[in-house]
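In terms of my numbering, the sequence shown is numbered consecutively and its last residue is 456.
All remarks here apply to the structure that follows.
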Amino acid sequence: LSVRETRVIDWRHLAGLSQLLHLHIERCGLRQLPREFSALVSLTRLDLNTGHMAQAPQSSWLPLASLVHLRQLSLVHCFLQHLPAALSQLSALTMLDLEDSDLDLADWQPLAGLRQLADLSVPLCSLAAVPSVISHLTALTKLDLGGNRIQDWQHLAPLPLLRHLSLAGTDGQVVAARDLRELPATLSRLTALTHLDASNNCTLSGGWQHLLPLRQLVRLNLWGCGLAAVPRELRVLQQQGLDVEGERFFS
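What follows is the structure in structure tokens.
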């Protein structure tokens, strides 16, 4: 069921949709979850794309706790300033997308018990540090931290199953102060990593040595980084089979 670009909605109709599996709500002026959401007990995927929930109180998220079969949750462009405490009840969750929120000062503990979470996206979330809870999400295979202003990377590892990591910059849409200047040392501990996206970091110029221990790495995206030459460490990795995507001198 998809509900788009309408502000006149009688949410009471949801009460009879107990077998609904997928609900997509976009640009509907939603400011809090209607209590009728708690009736959607079979829901496995919920997409909310609304820019009006930044100030929603914790109590307004309580219907989420009833969605015990939910596996995919997207709260993109909701501009959240805190994580709903009800997330802690979604033990079946495998994918969570929080793109475009303001979560630097948020309490991340609601994610601590999500042991099946494999795909976490928190790009453009104003993060200055990798939240400590992330190092405990050991089922993660995909993590997107792009477009933040992270300076503290200590909780990026250990993530023994992580295969895809995005540290992409902002493609010129946001000030370059958010871009990486060098790859973080904690990368060297992500030994299962196969794909790394560091594209659009126009100030990236170092930290290449941290890639050398990553024997499983097969693809590195450096488009938009403006490198004038191939760093020595990357030449070594290319000889070992690493596919580097970037400016023409990588061809």
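Ideal Cβ placement from N, Cα and C applies to all residues, glycine included.
Note that the coordinates shown come from a computational prediction; the quantities given were computed from them, not determined experimentally.
Please state whether DSSP places residue i in a helix, a strand or coil.
i, result
"Glu241", "helix"
"Leu275", "coil"
"Gly234", "coil"
"Leu442", "helix"
"Gly411", "strand"
"Val449", "strand"
"Ala434", "coil"
When the Cα atoms are used, what is the spatial distance from residue i to residue j?
i, j, result
"Leu372", "Trp413", "14 Å"
"Ala370", "Ala220", "The sequence given here has Leu at residue 370, not Ala. Cα-Cα distance, rounded: 39 Å."
"Glu304", "Gln286", "12 Å"
"Ser207", "Leu439", "45 Å"
"Val441", "Trp358", "25 Å"
"Ile230", "Asp215", "13 Å"
"Ala311", "Phe284", "12 Å"
"Arg320", "Ser340", "12 Å"
"Leu272", "Thr249", "8 Å"
"Gly451", "Arg354", "23 Å"
"Leu350", "Ser243", "31 Å"
"Leu325", "Leu419", "21 Å"
"Leu392", "Leu225", "41 Å"
Please name the residue, chosen from the options, that lies closest to residue i on a Cα-to-Cα basis.
i, options, result
"Leu171", "Ser271, Glu438 and Met258", "Given that the chain is displayed from residue 206 to residue 456, the structure contains no residue 171 and the question cannot be resolved."
"Leu409", "Arg394, Trp428 and Arg386", "Arg386"
"Leu253", "Glu450, Leu235 and Pro262", "Leu235"
"Leu395", "Leu329, Leu417 and Asp384", "Leu417"
"Pro365", "Ala344, Gly351 and Asp448", "Ala344"
"His400", "Gly446, Leu432, His227 and His274", "Gly446"
"Arg240", "Arg368, Ala433 and Arg217", "Arg217"
"Pro436", "Val246, Ala390, His415 and Leu308", "His415"
Under 8 Å by Cβ, that's how I've got residue i and residue j pegged, so tell me the actual separation to the nearest angstrom.
i, j, result
"Pro315", "Pro336", "About 11 Å; that fails the 8 Å criterion."
"Leu275", "Leu238", "With 8 Å as the limit, Leu275 and Leu238 do not qualify as a contact, their Cβ atoms being about 13 Å apart."
"Leu367", "Leu398", "6 Å"
Quick one: residues in its chain with C-beta nearer than 6 Å to the C-beta of residue i, no 5 flanking neighbours on either side, listed in chain order?
i, result
"Gly256", "His282 and Phe284"
"Gln294", "Ala270"
"Asp384", "Gly374, Asn406, Cys407 and Thr408"
"Gly429", "Ser404 and Asn405"
Once the 5 residues before and after residue i are set aside, which same chain residues still bring their CB inside 7 Å of it?
i, result
"Leu427", "Ala403, Ser404, Val449, Glu450 and Gly451"
"Leu291", "First, the residue type needs correcting, since residue 291 is Ala and not Leu in the sequence shown. The residues are Trp266, Leu267, Leu269 and Ala270."
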